[in-house]
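Chemist: Converting from the sequence shown to our numbering requires adding 28 to each position, the first position being numbered 1.
We put the beta carbon where it would ideally sit given N, CA and C, even for glycine.
The structure presented is a predicted model; accordingly, all values stated were derived computationally and were not measured.
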Amino acid sequence: PLDGNLLYADVFARWAQPVVIVARTGLGTINHSLMTIEALRHRGIAILGVAFSGEAVEDSEATICRIGQVKRLGRLPRLATLDADTLRTAFAANFDIEDFA
């Protein structure tokens with residue numbers, strides 16, 4: 029929560045813009061991601077898609093997108109060095125910028 033009563037989902041609903049869900053690829057991500065999708069849809073928040081973060085777990089990624097009926101935007105692998113250049117390079121290699129338009 030942002031304060032005692034205000035959730036990020038409330039802010040996203042006020043903005044009325046599609047959101048990108050960022051989901052790690054570890055244990056528990058299927059359940060967590062599907063609950064997030066459901067909560068956003070319950071509030072009428074459009075979902076642009078899911079961007080995954082971490083090591084590839086293709087079955088989990090596919091399951092989330094299939095059951096949640098959302099687009100897979102890509103996956104950002106773990107980066108040994110995290111700075112603007114490595115992030116820019118990894119994003120260009122793993123995502124299509126047109127998916128975010």
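1. Quickly, what does DSSP pair Phe80 with across the bridge? List them, please.
2. CB-CB under 6 Å to Phe80, same chain, minus the five flanking residues each way: which ones, in chain order?
3. Going along the chain, which residues of its own chain have a beta-carbon closer than 8 Å to the beta-carbon of Gly72, five neighbours each way excluded?
4. Taking the straight line between their C-alpha atoms, what separation do you get for Arg100 and Ile92?
5. For Ile73, which three-state DSSP category applies?
6. Have a look at the DSSP bridge pairing and note the partners of Phe123.
7. Alpha carbon to alpha carbon, how far is Gln97 from Trp43? Give it in angstroms, no decimals.
Modeler: Inspection of the coordinates gives the following:
1. Ala51, Arg103
2. Same-chain partners within the cutoff: Ala51, Thr53, Glu89, Arg103.
3. Ala41
4. 9 Å
5. Three-state DSSP puts Ile73 in coil, outside helix and strand.
6. Gly102
7. 22 Å
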